[in-house]
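When we follow our numbering, the leftmost residue of the sequence shown carries the number 1130, and every step to the right adds one. All C-beta atoms in this analysis are idealised placements derived from N, C-alpha and C, irrespective of residue type, glycine included. Owing to the predicted nature of the structure, the values given are computational and were not obtained by experimental measurement. Shown next, in structure tokens, is the structure this report addresses.
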Amino acid sequence: MRPSGTLTFLFTDIEGSTRLWDQHAEAMVVALERHDQIVRYSIEEHGGVVFATGGDGFAAAFARSKDAVHAAVAAQMALSRESWPGSAAIRVRMGMHTGEAHERDGDYFGAPLNRAARLMGSAHGGQVVMSSVTAGVLGSTSGVQLVDLGVHHLKGQADAVQVFGVSAPGFAWLDRPLVTVEHVSGSLPRPLNDFVGRIDDVERTALLLKQHPLLTLVGPGGVGKTRLATEIGWTVQDDFPEGVWMVELAAVSEPAAVVAAVEASLGVQPQPGLDPLGSLVEWLRYRSLLLILDNCEHVTTAARRVAMEVSSRCASVRILATSRQPFGIAGERVHAVQPLRAESDGVELFCSRASAADSRFAVSDDDVAVISAICRELDGIPLAIELAAARIRAMAPSDLLRRLGDRFRLLRGSDPNGLERHQTLRATVDWSYQLIGRQEQMLFDRLSVFIGGFDLASAEAVCSDDAIDEFEVAALLGSLVDQSMATAERVGRVSRYRILSTLRRYGEERLAGDADQRRVRNRFLAHYVRLARETNAARLGPNQKELEVIFELEWDNIRASLLWAIAQGDIESCDAIVAATGPFALCRALREHAEWARDVVVLDRPNRHPSALTFGWAAFWSHGTPSEETWAERGIELAPHPDHEDTALCWRSLANAHGAFGRNAQAAEARRHIQSVAAESTDIYLRSVALEVSVEDAIVRADRDELALRVRAFSEFAQRIGAPSMLASVSYCRGRQTLWFGETPDPAGALAIYSAGVEMARSVSDVHNECRLLPAVVFAAAEIRGPHTATLCHDALTRLYENRSWHFIWLSVAAMSTWMAAVDDIHGAALIYGHVDAHRPPWSGIDGRVSALAFLRDRLDAVELIALSASYTRDELVHHLLAHLASIDH
């Protein structure tokens, strides 16, 4: 179990492991494995939990600081006694800090982790250091002595901290000065606040910098390139005897002034007979230093020339540049700076800056979820998060979240010492936007209509016209990616592009003032109507899984196209989108589609009407409510004739509604209409609906011979089509036939059929068919009453609860109650009966089993449990029932 509350964090790392690896590769493999065993064992032996590993180090959490200290000492002593292979000596540095951190998804995040990592980074191999906070809570620890090392500025930390070293019998303090920032040559600015998150990013990029003459950090404005470059500079400063020098180019307005700015920062004097760049190169030729060129995007050509000349002619100089785009020269290594992870580093940054802005700020567990949502909405962009956190003096996190729709007015800074373009989010984006060409700006504005990602074909279809030729889109889009105004990633066989939400909203505002906005959005709508129709027409086949990926990737854009169609009153496009997306939404149980259908049917007017099919989807999703019949009947009324193919879902909803209220004759008539509708239809989905309804009709009439014929017809049709979802539906029908309508009941055969259907549904993430097949699995398993019944019931209920499929949960619980009563499982039966009898949940199907469970009232050992389970919420019932099933299994 992971510790929580105030914890002590221990970070470890091998000093110089990369060099050792290069020199003794085979020996190092063995040595590293042994190192890992020793350190992990020492941590776990003393009650610690390893929650992260990276490179050659460990990150561990301890509930007690003394346990962390003993673990560190034990590990160091064991490492020192080890006989290492070859000459690959292993020396490990360790750092500890104590504080409160948040735990999520098996990982910790928060300021204490950064402080522990920084303390470790200040140590040498063979040293263990801790903060004054850890020393203060340590108390008496047998044999351990603390060495006061004084106050130091750690890399990446704004405030000076007091550091203590650890000494113990058999582990003497290694007296070497800490690696801190007190005595550094160069012009690297000391940070005004602690560096948050991205520790792994710093270590990776620092290693790249050692291996390549030029490293360029690229990313959109506000993503944290400058702060990351500064942190890298502090991390590697020991590797550069003549210092780390940072040249800020944001204020340089003319390309010709770039060399002058670099020379002024370094103190380079003009050399007779050499131009300014020649003088700079000559001055750097035999020096060992790191040159950071910050904010190169507006003077790219001049900065590129400096980088090219210096990196090619000055072997001991490394260049670290920040820009929105790479230089594209030989020897350059490019690192794309990613936004912060919203749920961890983003939350940590927000809390850190909010605490600095308002000392009264304290974060609760509820606040963490809201802050995480704020960071997601802001794309994890550090500048945006910091500007939002500064607003904490005036509004709570929940108020901030509600107002982010107007983020460009809300997020304004007030630091008089900061760059003007970092004072507001809009100014930062303005800066980036003004640096791209006019054609690129036009394409960027138009791309803002894409809510989700998009591919090149979509960009060409939506954004090209007389102003932007279709063949120009690819080049312009590539330029936007190069300049960090868009991102690209490989998905399958194609590239998909995305514009960060904050940038997209900026483009959206600009597009709103463009006379071409309506034409762009109409092209967007037409493209996604066509894409949805074509994908739906092809998805029901052997390649269902591959084709449904299109819907997964484009769902946000399809939603946006529907909203535009609704706003324009374009009923025809609304109908097309609802119809084309319905089968996929049902498959994935995306109830959002119900809202889409309802939003369209309310547009019904005397002179214009949504289609019968849209009314059918609205009715279908409204199962069990008065709207189900109302919308189904309205759809049939609007159709050209009652058996028009668009009425299929209307009739199906009526069949469901009539059947639920015992109106059997009307339900049978509705099923007859469905079969009549589909008889002449070429729509594969409607044909499959009709075939399944024909099976239901035969089951209701208990016509064994007719059922066999209809199941066979449905099966042959599904086999011919080859769509896994349709084959899963066939399994549902075949299982019912096998269980109830064979010459003898065959629950084992039905279970095999149902289980195969579940796997078929899962192969294409068909939640609908999976969830309706799982209660059937439970029912068949309950009839078998074998040794695996509890396991099957547990697994089915777990999956149903994950999806919160309460209709199918109650059906499964009802089947379990019968099985438990039959095998005299008093505990399980009473658990179910007590809750269901008290609450009568809808669709529980348990009323007919009340008499079978009445014997429980005569059992004294069940009375107390019945009363207790009656007080449970439905979630509590499921949790207790799962625990009971697990106990049976074991």
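Same chain, Cβ closer than 6 Å to residue i, neighbours up to 5 away in sequence not counted
i: Q1256; result: R1222, L1303
i: I1328; result: A1246
i: I1580; result: D1685, N1686, A1689
i: D1574; result: G1636, R1639, L1640
i: F1187; result: T1141, V1168, V1179
i: E1601; result: none
i: D1775; result: S1740, A1741, L1742, A1768
i: E1589; result: E1599, V1602
i: G1460; result: P1342, L1343, S1440
i: E1371; result: R1416, S1417, L1418
i: A1959; result: L1985, A1991, L1994, I1995
i: D1826; result: R1800
Cβ distance (whole Å) where residue i is taken to contact residue j below 8 Å
i: A1687; j: T1710; result: In the sequence as displayed, the identity of residue 1687 is Ile instead of Ala. Rounded, the Cβ-Cβ distance is 6 Å, consistent with contact.
i: V1290; j: V1280; result: 7 Å
i: I2047; j: G1362; result: Absent from the structure is residue 2047, since the part of the chain shown begins at 1130 and ends at 2019.
i: L1921; j: I1938; result: Their Cβ separation, rounded to whole angstroms, is 15 Å, which puts L1921 and I1938 out of contact at 8 Å.
Close-in-space but distant-in-sequence residues of the same chain around residue i (CB under 8 Å, 5 per side omitted)
i: A1831; result: F1870
i: I1706; result: Y1657, V1658, A1661, I1687, S1690, L1691, A1694, W1725
i: R1482; result: N1322, I1514, E1515, A1518, A1519
i: S1394; result: S1316, W1374, M1375, V1376
i: V1623; result: D1584, L1585
i: G1407; result: Q1400
i: S1261; result: V1290, Q1291, V1292, F1293
Residues near residue i in its chain [Cβ-Cβ closer than 7 Å; skip 5 each side]
i: D1277; result: F1293
i: Q1646; result: L1640
i: E1805; result: Note on residue identity: the sequence assigns Ser, not Glu, to residue 1805. These residues qualify, in order along the chain: D1772.
i: A1240; result: G1228, D1323, E1477, S1481
i: G1878; result: T1867
Residue i classed as buried or exposed, judged by whether at least 16 other C-beta atoms fall within 10 angstroms
i: P1318; result: exposed
i: K1195; result: buried
i: A1200; result: buried
i: K1339; result: exposed
i: H1964; result: buried
i: S1212; result: exposed
i: T1430; result: exposed
i: L1403; result: exposed
i: R1737; result: exposed
i: S1314; result: exposed
i: D1494; result: exposed
i: T1141; result: buried
i: D1185; result: buried
i: V1729; result: buried
i: R1717; result: buried
i: N1793; result: exposed
i: P1712; result: buried
i: G1977; result: Residue confidence for G1977 is low, a pLDDT of 43 falling below 50, so the modelled location carries little weight; the figure read from the coordinates is stated next. G1977 comes out exposed.
i: G1272; result: exposed
i: D1508; result: buried
i: E1549; result: Note that E1549 has pLDDT 47, beneath the 50 cutoff, so the model's placement of it is unreliable and no number is given.
i: N1672; result: exposed
i: P1755; result: exposed
i: E1766; result: exposed
Near the ligand MN: residue i beta-carbon under 7 Å from a heavy atom
i: R1891; result: No copy of the ligand MN appears in this structure; indeed no ligand is present at all.
Identity of the residues DSSP links to residue i by a beta bridge
i: V1290; result: H1281
i: Y1626; result: F1583, A1617
i: G1315; result: V1373
i: H1341; result: In DSSP, H1341 forms no bridge with anything.
i: I1598; result: Before going further, note that residue 1598 is Asp rather than Ile in the sequence given. None; D1598 has no bridge partner.
i: G1186; result: G1183
i: S1260; result: V1292
i: D1142; result: R1222
i: Q1274; result: S1296
Cβ of residue i within 8 Å of any chain C Cβ
i: I1955; result: Although the question refers to chain C, the structure presented lacks it and comprises just one protein chain.
Handout entry: Start-end ranges of the beta strand (DSSP E) lying completely within the stretch 1206-1246, minimum 3 residues
Key = Every beta strand (DSSP E) stretch that sits fully inside the stretch 1206-1246 and reaches 3 residues is listed by chain position as 1221-1229, 1231-1233, 1236-1238.
Exercise for the section: With a floor of 4 residues, list each alpha helix (DSSP H) that falls wholly inside the stretch 1799-1842, ordered by position along the chain. Expected result: Counting only runs of 4+ residues, the alpha helix (DSSP H) found wholly inside the stretch 1799-1842 occupies 1813-1829, in chain order.
Handout entry: Every unbroken beta strand (DSSP E) within the stretch 1388-1426, with a cutoff of 3 residues, ordered by chain
Key = Fully enclosed beta strand (DSSP E) runs of 3 or longer: 1418-1423.
Exercise for the section: Quick one: which unbroken beta strand (DSSP E) runs of 3-plus residues sit fully inside the stretch 1623-1670? Chain order, please. Expected result: Counting whole runs of 3 or more residues, the stretch 1623-1670 contains the beta strand (DSSP E) stretches 1623-1627.
Problem - Uninterrupted alpha helix (DSSP H) stretches inside the stretch 1889-1926 (no shorter than 4 residues) - result: Runs of the alpha helix (DSSP H) lying entirely within the stretch 1889-1926, each at least 4 residues long, are 1896-1913 in chain order.
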